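Comments concern the structure below.
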Amino acid sequence: MKRFLLMFGIFFVVSSFVLTGCGKPPDSKSKPPKGYVAKPVSRPAPKAEKPAPATPAQQEAPSVAEAPAKPAPAAPAAGEAGDVIEMKNTKAFDPHKMGIVMFTHTKHFSAKPDGYGIACGDCHHDKEGKPLALKVGDSVQGCMECHDKPGKTPRKPAGISPAEWDAMQLEYYYGAIHINCIDCHKAGGAGPVKCTDCHIKP
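According to mature numbering (1 follows the signal peptide of the UniProt record, and there is no 0), the stretch in the sequence shown is residues -20 to -1, 1 to 182, in order.
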């Protein structure tokens, strides 16, 4: 009887391990259990090896430290846009409550497939809202030059027409920039439209 119980116990333990997957490696997609805190593992630094003596040819060649450094990319001049524009407008919002949008300017106007192929005039327009015929490098005014009301657009007043509401929103930098970006993203069907897709938390 004791043997039977012992064999049954061993069978039970082994079968429970097999059924629960104890022998499988952990799934890389699985999350750690709630309350789990990972502890950093300290590993000893690798021992530095002594460099081999330099050959005469190596002694004559300039070292990497002596090689001339590559110049840093030039900052865009006034009125020019860089590759990525930090959309931090402190005249319109102070302080910012959302993450600052890092607008990929070059990616937007570059031709497909490397970019989105958006024409300059799709974003930059005149005072009537008509697209400007611009080319890369042309000077443009900032949005705040015309859409000069700071702060968030107020709530839509009751009883105004959609056209009046659009005009009211466009007086504000907040309204203009959001209408310009979100409407284009919705129309194209490819751009983000959720707040946190563009306003990434730092």
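All C-beta atoms in this analysis are idealised placements derived from N, C-alpha and C, irrespective of residue type, glycine included. Given the structure is predicted, the values throughout are model-derived calculations rather than measurements.
The segment 69 to 78 / the segment 151 to 161 touching (three or more Cβ pairs under 8 Å): yes
Rounded distance between the beta-carbons of residue 181 and residue 95, thought under 8 Å: Between residue 181 and residue 95 the Cβ distance is about 26 Å, and since that is not below 8 Å, they are no contact.
Residue burial classification, residue 175 (beta-carbon count within 10 angstroms, cutoff 16): exposed
Near the ligand GTP: residue 68 beta-carbon under 7 Å from a heavy atom: Looking for the ligand GTP in the displayed structure turns up nothing, as the structure carries no ligands at all.
Spatial distance of residue 149 from residue 133 (CA atoms): 6 Å
Beta bridge counterpart(s) of residue 152 as assigned by DSSP: 129
Beta carbon of residue 101 nearer than 8 Å to that of residue 111: yes
Given residue 109 as reference, the closest of 172, 157 and 165 once Cα atoms are compared: 157
Chain-order list of residues whose beta-carbon lies under 7 Å from that of residue 160 (same chain, five-residue window excluded): 103
Residue from 65, 99 and 63 with nearest C-alpha to residue 113: 99
Whole-angstrom C-beta distance between residue 64 and residue 88, which should lie under 8 Å: The pair is not a contact, with the Cβ atoms about 11 Å apart (cut-off 8 Å).
Residue 165 versus residue 179 - alpha carbon distance: 15 Å
Collapsed DSSP secondary structure at residue 174 in the structure displayed: coil
First and last residue of the uninterrupted beta strand (DSSP E) at residue 70: Careful: residue 70 lies outside any beta strand (DSSP E) and carries neither H nor E.
Distance between beta carbons of residue 107 and residue 126, contact taken as under 8 Å: 6 Å
Span separating the alpha-carbon of residue 77 from that of residue 90: 31 Å
For residue 81, the nearest candidate out of -14, 172 and -19 (CA to CA): 172
Closest by C-alpha distance to residue 168, when choosing among -19, 130 and 97: 97
Identified DSSP bridge partners for residue 105: 111
Cβ shell of residue -19 (< 6 Å), same chain only, five flanking positions each side left out: none
Spatial neighbours of residue 129 in its chain, beta-carbon cut-off 6 Å, leaving aside the 5 residues before and after: 151 and 152
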